[in-house]
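In UniProt numbering, the protein residues as written are 1 to 897. For reference, the structure discussed in these notes is given below.
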């Protein structure tokens, strides 16, 4: 077989097709021609059915489109590569099985898997080792020099483009097969380079290393390393092509308990936590869990868990730094071992730790019962082994196995109440999947998701950001704490990068004689605080401690500066309405910086601030930056993109495809979304921000949830310990879901069945972002718009406002008319996810501008305390708390309203 390519040219197509199809290890039709359950990755039912009946890849290409069936084709391609590599095992079954394990998971193969192949195959097939090593050793697979091996010039050009633009090794191999018009045959010089034993030539002395960053998303994480060794290896992996450092990193850092923050950050980049798990065939106890977070719930991981169990059945669990001898796990606690394999592959993602470590007590118990002590090394005990593998036993920071020893409590019919349209992603590899909250102009071809053009954060990064987004990435040539802000361009790459002032992350804060490191959060009395580069940033609410005097208690109102709770509103220069001049002054506004009255009840165009050839359009907004905050825009006659669909409703009750089209028609904006008949005769409502809105649709369009019906005429306290306020006169409607343990936002009067984040933010960074945008103000609406993209369940949406003490309040609320307990729980989990990403400074969230100015978050969640059914909410309440109805399709919005 090794000598055959020397005698038989590639042009002998029939011969090579026959040889490749009959090599040992190639999947047979009886096993499923694509093997390993690839067909289950098909998104459409028709494609899945055709795949199972097909006898070749050509058969399914007639039905399954590559653009929409990316996971299926990636799986097929990887299986084809695996068949080529593993065929070299010949009759050696064990070697072939360990080889196949490399290709049975969608994540990068672990060092333990690679070591197993080396151990069992080195005496049987050097070709197999070379093939596997060259598949796993670099990312992308080999460097650009392989492209020079292609015989056709068009293939060389396509190869370079593919390596620079494709996401994963599956896509790269698939792209090469398609563009170069050949299968991965070992006699082809191009494929010899990718799959064979060819080694990269030494670069000429005058050449310089590849300057581009491989993965700037991972580079974000390197500063979180606690040891200089792991930090340096992280930087090497994130910046250099073909780096082998990841193997040493896996052995020295991946299981190092002092590097938990670094490992969790890298996990966020590789496999972000997502809600929902279903359609697994082996790890069936993980199915029907729509409100639990998982990193890798897919068919490949399901197969990987089954393969792990099979490998462990040989009597040894191979780790990067130790081998654990075990008894026959098919007889000793098999269900528990299956749960372990599934946990390590599916990776439940706890909000507190976000790691996938089983609890220490579970680890000790199974090794005590099933560890083969006769083969333990000297000094090895279950306790010592588990101290390295699972050092924690706090269920808040580890995964208790008993959770997954039994099926989900949710029946399939209930699970459908919460959907996850972007898990898995149905979009092309260079597009980002987002929940469709814009709606459609018709009911036909209206999908629950949209695919938007995106950029990768580096040539080898899988982390995508939306086109035109502003992204903060580590600076290319500066130390830790130095960043630049770039925009995602139409080319699919980050461009127009501008340097940010460096942050001295080595500076600590001294609080009460204790040292607090940069980025840490803590409490001082009732204040939530964060340390940022040596400065202590705290909330500004008034505190009432246990040792406060009677006089302090008498004057305490729960408002800033203990201002009286009278509601005599003023509109400040930042566009925010404050309940009184006292509160505005307390927050730093001078008398000339505010006027009496609510901001949204003024007419900013009354002074005619625009030139004659321009039209003045109101644009109410609350600004976070110190730059000018005009509440209007001056517009000429705009030229609209016909492909843009983001419906808006004008004041005459007519819908337009976009705001641009509305302005082109010379109409005035009423609210975003489809026109709602119910809002035509709707009464005014008071939002949580203290603003009176003409209708509930106006409030939701401004991303503000409703506090109570009628005009605003009261302000609530910021502290739970405050005495009765003017809110006592407000008649609050019942919450949307009976039995919901609701929360009351600061400054509001009425509880709402939602989860709430109270976020501290860095004013200095917000001002810098504003300057980078040519003094365009950074607004609350800007923040909410980006945060919205991180909520993956359509049944939940994001609302928020700037509190009167300048904390950013974000609500994640169910949007159905009468939310079910499962939907309330799903929104709470979404809030927990985002809260965790903020507090751990995860680049999946914190690389986005202006979210990168967030310092820390405090979370309050709603939950159902009783399943008893009470009286249904009133129609008025349903209208107010049906929350986001405006961006649904017309039929759905009408139904919900």
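From the three backbone atoms N, C-alpha and C, an ideal C-beta is built for every residue, glycine too.
| Member of 42, 362, 421, 82 whose CA lies at the smallest distance from the CA of residue 66 | Relative to the Cα of residue 66, the nearest Cα in the group 42, 362, 421, 82 belongs to 42.
| said: For the pair the region 591-610 and the region 541-548, tell me if three or more CB-CB distances fall below 8 angstroms. | reply: Result no; under three Cβ-Cβ pairs closer than 8 angstroms.
| task | Using the Cα positions of residue 508 and residue 515, report the straight-line distance between them to the nearest angstrom. | result | Spanning the two alpha carbons is a distance of roughly 6 angstroms.
| task | Tell me where the beta strand (DSSP E) around residue 450 begins and ends. | result | Start and end: 449-456.
| query | Looking at the unbroken alpha helix (DSSP H) that takes in residue 575, where does it start and where does it end? | reply | In the DSSP assignment, residue 575 falls outside any alpha helix (DSSP H) and carries neither an H nor an E.
| field | residue 790 to residue 430 span [Cα, whole Å] | value | Taking the straight line from one Cα to the other gives about 18 angstroms.
| Do you know offhand how far residue 716's Cα is from residue 570's? | The straight-line gap from Cα to Cα measures roughly 16 angstroms.
| task | May I have the straight-line CA-CA distance separating residue 295 from residue 792, to the nearest angstrom? | result | Cα to Cα, the separation comes out at about 14 angstroms.
| request: Run the CB neighbour count on residue 613, radius 10 Å, all protein chains shown included, and call it buried at 16 or more, exposed below. | output: Flag for residue 613 reads exposed.
| query | In terms of DSSP beta bridges, what is residue 346 paired with? | reply | According to DSSP, residue pairing for residue 346 in a beta bridge does not occur.
| Quick one, which of 548, 713, 637 has its alpha-carbon nearest residue 918's? | Outside the shown range of the chain, which is 1 to 897, sits residue 918, and nothing can be said about it.
| field | Coil, strand or helix - residue 82 by DSSP | value | Of the three classes helix, strand and coil, the one that applies to residue 82 here is helix, per DSSP.
| field | 6 angstroms Cβ shell around residue 610 - same chain, five flanking residues per side excluded | value | Closer than 6 angstroms at Cβ, skipping near neighbours: 616, 634.
| Span separating the alpha-carbon of residue 345 from that of residue 283 | In this structure, the straight-line span from the alpha carbon of residue 345 to that of residue 283 is close to 10 angstroms.
| task | Have a look at residue 280 and residue 762 and give me their C-alpha separation to the nearest angstrom. | result | Computed Cα separation, rounded: 43 angstroms.
| field | Three-state secondary structure (DSSP) of residue 305 | value | Residue 305: helix per DSSP, three-state reduction.
| query | What's the gap between the Cα of residue 287 and the Cα of residue 407? | reply | Between the alpha carbons of residue 287 and residue 407 lies a distance of about 7 angstroms.
| query | If we count the other Cβ atoms within 10 Å of its Cβ and call it buried at 16 or more, is residue 34 buried or exposed? | reply | Because residue 34 carries a pLDDT of 47, less than 50, the predicted location of this residue cannot be relied on, and the following value inherits that uncertainty. Residue 34 comes out buried.
| said: For residue 471, which residues in the same chain have their Cβ closer than 6 angstroms to its Cβ, ignoring the five residues on either side in sequence? | reply: Answer for residue 471: 465, 486, 847, listed in chain order.
| Beta-bridge pairing of residue 687 - partner residues as DSSP gives them | According to DSSP, residue 687 bridges with 706.
| request: Could you tell me which residues DSSP puts in a beta bridge with residue 470? | output: DSSP, once it has assigned bridges, lists 487 as partnering residue 470.
| query | Taking the Cβ atom as the reference point for each residue, do residue 753 and residue 732 lie within a distance shorter than 7 angstroms? | reply | It is not a contact, given that the beta carbons lie outside the stated cut-off.
| message | Taking only three categories from DSSP, how would you classify residue 255? | response | DSSP places residue 255 in coil when its eight states are reduced to three.
| What residues match up with residue 863 in a beta bridge as DSSP calls it? | DSSP output for residue 863 lists 741 as bridge partner(s).
| query | CB-CB under 8 angstroms to residue 564, same chain, minus the five flanking residues each way: which ones, in chain order? | reply | Shown here for residue 564: same chain residues with a beta carbon closer than 8 angstroms to its own, the five before and five after excluded, namely 557, 580, 582 in chain order.
| task | Please name the residue, chosen from 374, 386, 376, that lies closest to residue 362 on a Cα-to-Cα basis. | result | It is 386 whose Cα lies nearest to the Cα of residue 362.
| query | Does the region 85-96 touch the region 123-136, meaning 3 or more C-beta pairs lie closer than 8 angstroms? | reply | The region 123-136, when compared against the region 85-96, does touch it at the 8 angstroms Cβ threshold.
| query | Is it right to say residue 596 is buried, meaning 16 or more other beta carbons lie within 10 angstroms of its own, or is it exposed? | reply | Exposed.
| field | For residue 808: DSSP bridge partner residues | value | In the DSSP output, where bridge partners are listed per residue, residue 808 has 759, 802.
| query | Under a Cβ-count criterion, where at least 16 other Cβ atoms within 10 Å of its own Cβ denotes burial, should residue 335 be classed as buried or exposed? | reply | That one is exposed.
| In whole angstroms, what is the alpha-carbon distance linking residue 143 and residue 219? | Because residue 143 carries a pLDDT of 44, less than 50, the predicted location of this residue cannot be relied on, and the following value inherits that uncertainty. Between residue 143 and residue 219, the C-alpha separation is close to 20 angstroms.
| Which residues does DSSP pair with residue 462 in a beta bridge? | Beta-bridge pairing links residue 462 to no other residue.
| Is the beta carbon of residue 563 within less than 6 angstroms of some heavy atom of the ligand PLP? | No copy of the ligand PLP appears in this structure; indeed no ligand is present at all.
| Rounded separation between residue 852 and residue 371 - CA only | Spanning the two alpha carbons is a distance of roughly 47 angstroms.
| field | Own chain, CB closer than 6 angstroms to residue 567, minus 5 neighbours either side, in chain order | value | In the same chain as residue 567, and ignoring 5 residues on each side of it, the C-beta atoms closer than 6 angstroms to its own belong to 579, 713, 714, 715, in chain order.
| query | Does the beta-carbon of residue 409 have 16 or more other beta-carbons within 10 angstroms, so that it is buried, or is it exposed? | reply | Within 10 angstroms of the beta-carbon of residue 409 lie fewer than 16 other beta-carbons, which makes it exposed.
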